[in-house]
Amino acid sequence: MSDENSAANGGGDKSRIDRHQAESCVPDADGARVAESELFESGFQNGVVADMLIQELEDVDCCGDAEESDSDAEKFHCPRCDRETADGSALCAECEAIVKKYPFSPNAIFLFIVALFISFIGLVAAAANYPIAANTAKGTLALKGGDLNKCYGFYDEAYSYAAALNKRYSDVLPMGFSLFSSGNKTLVYQFVALNKLNGPYSAGQYIEKYFGDKIPPKLVGIKREFDEISEAYSILSRGFDDYYTAIGDAEATYGGLMAVVDKIVASHDLPAYLITYYRFLAAVETDAGTDVAVELMDSVISEKPGAHWLYASDAIFLYKQSGDFVKALGICNEILKTDPTNTSAIAYSMSVLRMDGNFKGALSVYDKAMDITETTPEIERQRAIVLMLKGEYAEAETILIDNYDESTLTIQYAETLCACAVMTGNGKKFDEVRELLESYEISLSESILGLQSGTVTVEEIYLEGGGDSV
Numbered sequence: 056m057s058d059e060n061s062a063a064n065g066g067g068d069k070s071r072i073d074r075h076q077a078e079s080c081v082p083d084a085d086g087a088r089v090a091e092s093e094l095f096e097s098g099f100q101n102g103v104v105a106d107m108l109i110q111e112l113e114d115v116d117c118c119g120d121a122e123e124s125d126s127d128a129e130k131f132h133c134p135r136c137d138r139e140t141a142d143g144s145a146l147c148a149e150c151e152a153i154v155k156k157y158p159f160s161p162n163a164i165f166l167f168i169v170a171l172f173i174s175f176i177g178l179v180a181a182a183a184n185y186p187i188a189a190n191t192a193k194g195t196l197a198l199k200g201g202d203l204n205k206c207y208g209f210y211d212e213a214y215s216y217a218a219a220l221n222k223r224y225s226d227v228l229p230m231g232f233s234l235f236s237s238g239n240k241t242l243v244y245q246f247v248a249l250n251k252l253n254g255p256y257s258a259g260q261y262i263e264k265y266f267g268d269k270i271p272p273k274l275v276g277i278k279r280e281f282d283e284i285s286e287a288y289s290i291l292s293r294g295f296d297d298y299y300t301a302i303g304d305a306e307a308t309y310g311g312l313m314a315v316v317d318k319i320v321a322s323h324d325l326p327a328y329l330i331t332y333y334r335f336l337a338a339v340e341t342d343a344g345t346d347v348a349v350e351l352m353d354s355v356i357s358e359k360p361g362a363h364w365l366y367a368s369d370a371i372f373l374y375k376q377s378g379d380f381v382k383a384l385g386i387c388n389e390i391l392k393t394d395p396t397n398t399s400a401i402a403y404s405m406s407v408l409r410m411d412g413n414f415k416g417a418l419s420v421y422d423k424a425m426d427i428t429e430t431t432p433e434i435e436r437q438r439a440i441v442l443m444l445k446g447e448y449a450e451a452e453t454i455l456i457d458n459y460d461e462s463t464l465t466i467q468y469a470e471t472l473c474a475c476a477v478m479t480g481n482g483k484k485f486d487e488v489r490e491l492l493e494s495y496e497i498s499l500s501e502s503i504l505g506l507q508s509g510t511v512t513v514e515e516i517y518l519e520g521g522g523d524s525v
């Protein structure tokens, strides 16, 4: 039924085509080869033609892209406004006119002003801080060279500049404006030098004053030792005071003070060298004798070598009075090695050499000292004593009168001037000085009165007796 409908609807034609195709597919060797050859040639030609057409189209596209690229390359854009510019022009006409009128942009001008201001401030700060940096550098060199007194002086000068600079700027800027705004850096260096110069007790007081609880790392050790010394001083001194209060007008004894020290040691952990030092003080304040005092001083030095801040003056005087000039001079030389301008050590050296009979050595110390430092009344007193022992009384008196100052006068200086006045026959000066001392309820010593009466000689006072104990 369906086949019939197909035939009726033209299905016959399709059947004929199918039959024709089927017939054409009947194997015929010659016909097949011919058909195949024709088909190949036709397909080859068509493929070549197609390839040629495609190539032509690609060439056309490439040319179009190249032309478009060339067209874009020939266009220039203004970097300010992105508008097209004339060939070879960096800016469009409008922007070029603006630039000619105002060659610098507002941003560029602002940045230039800021840079100029910063440079100016930098130059001002550098110039203002130069003295600080220069003195700090000099102080460091002096410290490395072992001259502690110069070192401290340079650091002190640097801090003075820093403090002044900080004050100047803090009046304008609340936070201050200085590379060393509070002088802290120079203070650290200064206190390190001061510790080596005068010991932790002196340096620690300044550290506490200037830094409070915020101690810089370099100063922590010094402050810790200062706290230990302060505690020991407080406890031991209070023990001595309580003892003297308890005995009233009675004479203190070595045994009594030693008992005080022993009691304190039993209940407190204090530095050994300070305990020994207070035992030494107990000896010199009582009837223990020179030998005991010397033995204890030797122990102090052994327990704390180099602590000149603690024992130097006591040790030099003790060794000098006991006749051990080598030990006395040795301590003086130790001090002068690190602090050649130490005027106390200079005067002590002259005193030791004078008592040892080395007048030339004493005057040599004076001459060398005057090349590097300024003199003091005590140094001049020592020089005058040497000249008196050499019989040069007039020159000695001139030196003492020239350096006489009532505001800083010591008993030793006054008595030496009186002794010299006796030797020159200057009764007026003798009476003047004696009256000054008596106005302070101070009497002349027996040795000076003996010199006046002729029962004592200058040599007995200043060569054998020392003359420094009065």
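Mapped onto our numbering, the consecutive letters of the sequence shown carry residue numbers 56 to 525.
All residues carry an ideal CB built from backbone N, CA and C; glycine is no exception.
### Message
Could you check whether I386 and I434 sit closer than 9 Å to each other, using their CB atoms as the reference points?
### Response
no
### Task
Apply the 10 Å Cβ neighbour rule to P255 and answer buried if 16 or more other Cβ atoms are within range, or exposed otherwise.
buried
#### Entry: Cβ neighbour criterion (16 or more within 10 Å) applied to Y495
The residue in question, Y495, is exposed, as its Cβ has fewer than 16 Cβ neighbours within 10 Å.
### Query
Using a Cβ-Cβ cut-off of 8 Å (strictly less than) and excluding sequence neighbours within five positions of T479, which residues of its own chain qualify?
Excluding residues up to 5 positions away in sequence, Y448, A449, E452 lie with their Cβ nearer than 8 Å to the Cβ of T479 in the same chain.
### Task
Please classify I427: is it buried, with 16 or more other beta-carbons within 10 angstroms of its beta-carbon, or exposed?
When all chains shown are included, I427 counts as exposed.
### Query
Straight-line CA distance for Q376 to V339?
Going by the C-alpha atoms only, they are around 12 Å apart.
### Between the CA atoms of G303 and S354 - distance to the nearest angstrom
31 Å
### Task
Could you round the C-beta distance between Y403 and I371 to whole angstroms and report it? I think they count as a contact, below 8 Å.
5 Å
### Message
Can you tell me which residues form a DSSP beta bridge with H132?
### Response
E139
### Task
Since I believe M352 is in contact with D379 (beta carbons under 8 Å), could you give me their beta-carbon distance rounded to a whole number of angstroms?
Not a contact, Cβ separation roughly 10 Å.
### Message
Tell me which residue opens and which closes the alpha helix (DSSP H) that G385 is part of.
### Response
380-393
### Task
Could you round the C-beta distance between T241 and T191 to whole angstroms and report it? I think they count as a contact, below 8 Å.
6 Å
### Query
A362 lies in the alpha helix (DSSP H); which residues open and close that run?
Segment: none, A362 is in no alpha helix (DSSP H) and carries neither H nor E.
### Query
Between the beta-carbon of V320 and the beta-carbon of L274, is there less than 9 Å?
no
### Query
Any chance the region 245-259 sits against the region 195-205, with 3 or more Cβ pairs inside 8 Å?
yes
### Query
Below 8 Å, can you find three or more Cβ-Cβ pairs linking the region 485-504 to the region 439-446?
no
### Task
Name the two residues that bound the continuous alpha helix (DSSP H) containing A442.
Correcting the residue type first, residue 442 is Leu in the shown sequence and not Ala. Looking at the DSSP string, the run of the alpha helix (DSSP H) that includes L442 is 432-444.
### Task
Count the other CB atoms, across all protein chains shown, that sit within 10 Å of the CB of L196; report buried if there are 16 or more and exposed otherwise.
exposed
### Task
Tell me where the alpha helix (DSSP H) around Y468 begins and ends.
466-479
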